[in-house]
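I have placed the structure first, in the form of structure tokens, so that the comments after it can refer back to it.
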Amino acid sequence: MTDSAVTSVEQMRLIFTHLTGLVRTAGLYQANHPQTRRAKEVLYRALATFLDAHGKLTYRFLGDLLIANDRILPRESLVYRQFLDVCQTERGIGTVTFQPGLEEREIDGVFDAFTGGIGPDPAGWLARRRLAHVALGSPVEPQRESGEVVARRAYYGSIEALREIEASIRNREPLTMEQFTTLRTLTSTLLEQILATPGLVLRLASIKSYDEYTLYHSVNVAVISIGLGALLGLPQDSLREVGMGGMLHDLGKIAVPLEVIRKPDLLDEGEWRAMRRHPILGADLLSRMPGANRLPMIVAFEHHMRFDGKGYPFVRGDWLQHPVSRLACLADVFDAMTSRRAYKKALPAEAVCGYLRDEAGKAFDPRLVAVVERMVRTLRAEAPLEASA
Ligand SMILES: [Fe+2]
Ligand SMILES: [Fe+2]
Numbered sequence: 022m023t024d025s026a027v028t029s030v031e032q033m034r035l036i037f038t039h040l041t042g043l044v045r046t047a048g049l050y051q052a053n054h055p056q057t058r059r060a061k062e063v064l065y066r067a068l069a070t071f072l073d074a075h076g077k078l079t080y081r082f083l084g085d086l087l088i089a090n091d092r093i094l095p096r097e098s099l100v101y102r103q104f105l106d107v108c109q110t111e112r113g114i115g116t117v118t119f120q121p122g123l124e125e126r127e128i129d130g131v132f133d134a135f136t137g138g139i140g141p142d143p144a145g146w147l148a149r150r151r152l153a154h155v156a157l158g159s160p161v162e163p164q165r166e167s168g169e170v171v172a173r174r175a176y177y178g179s180i181e182a183l184r185e186i187e188a189s190i191r192n193r194e195p196l197t198m199e200q201f202t203t204l205r206t207l208t209s210t211l212l213e214q215i216l217a218t219p220g221l222v223l224r225l226a227s228i229k230s231y232d233e234y235t236l237y238h239s240v241n242v243a244v245i246s247i248g249l250g251a252l253l254g255l256p257q258d259s260l261r262e263v264g265m266g267g268m269l270h271d272l273g274k275i276a277v278p279l280e281v282i283r284k285p286d287l288l289d290e291g292e293w294r295a296m297r298r299h300p301i302l303g304a305d306l307l308s309r310m311p312g313a314n315r316l317p318m319i320v321a322f323e324h325h326m327r328f329d330g331k332g333y334p335f336v337r338g339d340w341l342q343h344p345v346s347r348l349a350c351l352a353d354v355f356d357a358m359t360s361r362r363a364y365k366k367a368l369p370a371e372a373v374c375g376y377l378r379d380e381a382g383k384a385f386d387p388r389l390v391a392v393v394e395r396m397v398r399t400l401r402a403e404a405p406l407e408a409s410a
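Mapping of the sequence shown onto the working numbering: residues 22 to 410, in sequence order.
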């Protein structure tokens with residue numbers, strides 16, 4: 022993401038916070054109270070600056086998700102959940118768009134819309150108010166949305182949430198409880214949709230990114246792990262933690278230079294040493310995760326261990342690898358092999374199954390290899406894969 026993209030996301034977040042702040046003042050002060058006027062001014066100024074620099078700004082409310090100019094804002098979706106609900110169910114608002122040329126008096130109309138509602142005819146409401154640079158739209162009926170749309174949104178929301186966690190680590194900021202709650206909420210949504218439509222596992226896991234490989238790979242490993250765990254009959258609470266393990270398993274790769282991750286040739290000794298440290302580093306980062314369930318930390322540490330006790334990091338001979346790490350291990354290899362990388366083409370799922378079969382009892386737990394094969398056999402028939410990028 023470029024610096025200007027980061028700034029524009031930050032601005033969109035802040036403007037939304039100003040909007041909710043303005044609405045909150047309505048419960049505390051009269052419409053012409055200095056406090057309300059100040060909140061209107063603050064919102065107007067922030068909007069005018071944004072519109073000057075970036076053109077229009079649209080916020081969409083989709084159930085419990087907030088989308089700003091086509092970017093999901095996971096943290097604000099969570100923090101302002103109740104506000105989003107009131108907008109959609111009581112105020113009749115599903116979208117609000119601000120256009121360049123916005124006049125300060127139009128903020129009064131925005132205030133009235135968000136505090137009093139706009140009824141079933143947004144266009145009529147806007148025309149009566151003579152708001153030329155503000156557009157309001159009705160909420161989308163939740164039942165019109167398919168499970169696949171909800172799941173894809175949660176997929177991209179997870180990418181965003183992971184990107185934020187990585188940015189905090191890079192900036193040496195402490196990881197917050199909120200960042201993990203956001204990721205857990207999105208993982209729950211993915212999980213619910215996968216349980217309702219198992220075929221989503223392979224369809225979602227076929228979303229790949231060459232440029233942001235590790236982020237997309239992490240969400241794919243979460244999706245595949247959930248799919249495998251569901252086939253094993255794990256309860257929903259455990260599946261959520263299995264998903265979190267997948268999301269965070271490669272967090273330690275943040276310390277591996279991008280050139281090494283993308284290198285088309287064999288890694289040299291130093292590069293390989295850096296690569297082999299990522300499970301330890303990931304576990305270390307996750308051990309400092311606030312209010313943590315320990316499973317993601319264990320999965321991060323153990324996901325490159327092999328069934329036969331080899332692999333890395335090196336541990337003593339009687340080390341017992343956690344069953345969820347074994348599962349993540351297979352999900353990891355499955356996603357890596359079905360992805361295109363600088364040094365290899367993407368393989369079809371059936372070819373990957375052949376490799377896993379060859380390695381059953383060596384690299385992988387044979388019982389879990391059988392579950393992967395069952396997943397590919399049953400879900401492939403149900404959900405043909407998209408071509409992977
Ligand atoms: Fe890894
Ligand atoms: Fe991985």
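Glycine included, every Cβ here is placed at the ideal spot set by N, Cα and C.
**Report entry** Proximal residues to Gly-113 (C-beta, below 8 Å), its chain only, five neighbours per side dropped
**Finding:** Taking the sequence shown and counting its residues from 1, the one referred to as residue 113 is at position 92. Here the set comprises Gly-138, Ile-139, Gly-140, Pro-141, Pro-143, Ser-159, Pro-160.
Query raised in the report: Leaving out the 5 sequence neighbours to the left and right, which residues in its chain are closer than 7 Å to Gln-109 when beta-carbon positions are compared?
Result: In the sequence shown, residue 109 corresponds to position 88, counting from 1. These residues qualify, in order along the chain: Phe-82, Gly-115, Pro-160.
Report task. Taking 8 Å as the cut-off, decide whether the C-beta atoms of Leu-316 and Gly-266 are in contact. Result -> If you number the sequence shown from 1, residue 316 lands on position 295. If you number the sequence shown from 1, residue 266 lands on position 245. A contact, by the Cβ cut-off of 8 Å.
Query raised in the report: Of all the alpha helix (DSSP H) runs that stay within the bounds of the stretch 23-101, which reach a length of 4 or more residues?
Result: 24-49, 55-75, 95-100
Requested in this report: Answer with buried or exposed for Leu-40, where buried requires no fewer than 16 other C-beta atoms within 10 angstroms of its C-beta.
Outcome: In the sequence shown, counting from the first residue as 1, residue 40 sits at position 19. With 16 or more Cβ atoms within 10 Å of its Cβ, Leu-40 is classed as buried.
Query - His-324: CB within 7 Å of a non-hydrogen atom of ligand 1 - result: As a working mapping, residue 324 is identified with position 303 in the sequence shown. Yes, since a heavy atom of ligand 1 falls inside the 7 Å radius drawn around the Cβ of His-324.
Report task. May I have a chain-ordered list of the beta strand (DSSP E) segments no shorter than 3 residues that lie completely inside the stretch 139-208? Result -> 155-158
Report task. Would you give the residue range spanned by the beta strand (DSSP E) that Thr-118 belongs to? Result -> Within the sequence shown, residue 118 is the residue found at index 97, counting from 1. Start and end: 116-119.
Query raised in the report: Does the count of Cβ pairs from the stretch 325-345 and the stretch 277-286 closer than 8 Å reach three?
Result: no
Query - Cutoff 7 Å; reference Ala-226; Cβ partners in own chain excluding five residues on either side - result: Sequence index remark: in the sequence shown, residue 226 carries index 205 (1-based). Excluding residues within five positions, the ones whose Cβ falls inside 7 Å are Asn-241, Val-244, Ile-245, Asp-356.
Query raised in the report: Hey, Val-281 and Glu-290 are a contact pair by Cβ (cut 8 Å); roughly how many whole angstroms apart?
Result: Translated into positions along the sequence shown, residue 281 becomes position 260. Translated into positions along the sequence shown, residue 290 becomes position 269. Wrong, their Cβ atoms sit about 12 Å apart, outside the cutoff.
**Report entry** beta-carbon His-343 near ligand 1 non-hydrogen atom, thresh 7 Å
**Finding:** If you number the sequence shown from 1, residue 343 lands on position 322. Checking every heavy atom of ligand 1 against the Cβ of His-343, none is found closer than 7 Å.
Query raised in the report: From the DSSP output, which residues share a beta bridge with Phe-385?
Result: Sequence index remark: in the sequence shown, residue 385 carries index 364 (1-based). DSSP, once it has assigned bridges, lists Ala-381 as partnering Phe-385.
Query - beta strand (DSSP E) runs wholly inside the stretch 295-359, at least 3 long, in chain order - result: none
Requested in this report: Decide if Tyr-231 is buried, meaning its Cβ has at least 16 other Cβ atoms within 10 Å, or exposed.
Outcome: Working through the sequence shown from its first residue, we reach residue 231 at position 210. Tyr-231 comes out exposed.
Query raised in the report: Going by beta carbon distance, what residues of the same chain come within less than 7 Å of Gly-264, once the five residues before and after it are set aside?
Result: Start at 1 with the first residue of the sequence shown, and residue 264 comes out as number 243. Taken in chain order, the residues that qualify are Thr-208, Leu-211, Leu-212, Ala-243, Ser-246, Ile-247.
Query raised in the report: In chain order, what residues of the same chain lie with their CB nearer than 7 Å to the CB of Glu-262, ignoring the 5 residues before and after it?
Result: Your numbering for residue 262 matches position 241 in the sequence shown. Same-chain partners within the cutoff: Asn-314, Leu-316.
Requested in this report: Check Arg-126 in the structure and name its three-state DSSP category.
Outcome: One-based indexing of the sequence shown puts residue 126 at position 105. Correct three-state label for Arg-126: coil.
Requested in this report: Closer than 6 Å is what we want: which residues have a beta carbon that near any heavy atom of ligand 2? List them in chain order.
Outcome: Cβ-based neighbours of ligand 2 within the cut-off: His-238, Val-242, His-270, Asp-271, Asp-353.
Query raised in the report: Does the beta carbon of His-39 fall short of 7 Å from some heavy atom of ligand 1?
Result: As a first step, residue 39 must be located in the sequence shown, where it is residue number 18. No, the Cβ of His-39 stays beyond 7 Å of every heavy atom of ligand 1.
Query - Host alpha helix (DSSP H) of Ser-230 (start-end) - result: The sequence position of residue 230 within the sequence shown is 209, counting from 1. Looking at the DSSP string, Ser-230 is not in any alpha helix (DSSP H), and its letter there is neither H nor E.
Requested in this report: Decide if Lys-383 is buried, meaning its Cβ has at least 16 other Cβ atoms within 10 Å, or exposed.
Outcome: Along the sequence shown, one-based indexing puts residue 383 at 362. It counts as exposed.
Report task. Could you check how far apart the C-beta atoms of Gly-250 and Leu-272 are, in whole angstroms? I think they sit under 8 Å. Result -> To locate residue 250, count along the sequence shown from 1; it is residue 229. To locate residue 272, count along the sequence shown from 1; it is residue 251. Actually they do not touch by this definition, with Cβ atoms about 20 Å apart.
**Report entry** Heavy atom of ligand 1 within 7 Å of His-435 beta-carbon
**Finding:** Outside the shown range of the chain (22 to 410) lies residue 435, about which nothing can therefore be said.
Report task. Could you check the C-alpha separation between Ala-47 and Thr-235 for me, to the nearest Å? Result -> Taking the sequence shown and counting its residues from 1, the one referred to as residue 47 is at position 26. Taking the sequence shown and counting its residues from 1, the one referred to as residue 235 is at position 214. C-alpha separation (whole angstroms): 45 Å.
Requested in this report: Flag this pair as yes or no: are the beta carbons of Thr-206 and Leu-99 separated by less than 8 Å?
Outcome: Numbered from its first residue, the sequence shown carries residue 206 at position 185. Numbered from its first residue, the sequence shown carries residue 99 at position 78. Yes, they are a contact pair.
Query raised in the report: Buried or exposed: where does Asp-379 fall if 16 or more other Cβ atoms within 10 Å of its Cβ makes it buried?
Result: On the sequence shown, residue 379 is found 358 positions in, with the first residue counted as 1. With fewer than 16 Cβ atoms within 10 Å of its Cβ, Asp-379 is classed as exposed.
Query - Cutoff 8 Å; reference Leu-78; Cβ partners in own chain excluding five residues on either side - result: For this step, residue 78 is matched to residue 57 along the sequence shown. Answer for Leu-78: Met-33, Ile-36, Leu-68, Phe-71, Leu-72, Ala-89, Asn-90, Thr-118, Phe-119, listed in chain order.
Query raised in the report: Measuring CB to CB, does Phe-201 end up less than 8 Å from Met-310?
Result: Here residue 201 refers to the residue found at position 180 of the sequence shown. Here residue 310 refers to the residue found at position 289 of the sequence shown. In contact: Phe-201 and Met-310 (Cβ atoms closer than 8 Å).
**Report entry** Burial state of His-54, where buried means 16 or more other Cβ atoms lie within 10 Å
**Finding:** The residue given as residue 54 occupies position 33 in the sequence shown. By the Cβ-count criterion, His-54 is exposed, with fewer than 16 other Cβ atoms from all chains shown falling within 10 Å of its own Cβ.
Requested in this report: Spell out the partners DSSP gives Arg-362 in its beta bridges.
Outcome: Here residue 362 corresponds to residue number 341 of the sequence shown, with the count starting at 1. Lys-365, per the DSSP bridge assignment.
Query raised in the report: Which term fits Ser-189, buried or exposed, when burial requires 16 or more other beta carbons within 10 angstroms of its beta carbon?
Result: Translated into positions along the sequence shown, residue 189 becomes position 168. The residue in question, Ser-189, is exposed, as its Cβ has fewer than 16 Cβ neighbours within 10 Å.
Query raised in the report: Hey, Glu-124 and His-154: beta-carbon distance below 8 Å or not?
Result: For this step, residue 124 is matched to residue 103 along the sequence shown. For this step, residue 154 is matched to residue 133 along the sequence shown. Cβ distance < 8 Å, so Glu-124 and His-154 count as in contact.
Query raised in the report: Whose C-alpha, out of Met-318, Ala-321, Leu-348, is nearest the C-alpha of Phe-328?
Result: For the purposes of this step, residue 328 is taken as residue 307 along the sequence shown, with counting starting at 1. Among Met-318, Ala-321, Leu-348, the Cα nearest to that of Phe-328 is on Leu-348.
Requested in this report: Please report how far the alpha carbon of Tyr-50 lies from the alpha carbon of Leu-204, in whole angstroms.
Outcome: Here residue 50 refers to the residue found at position 29 of the sequence shown. Here residue 204 refers to the residue found at position 183 of the sequence shown. In a straight line, the C-alpha of Tyr-50 is about 36 Å away from that of Leu-204.
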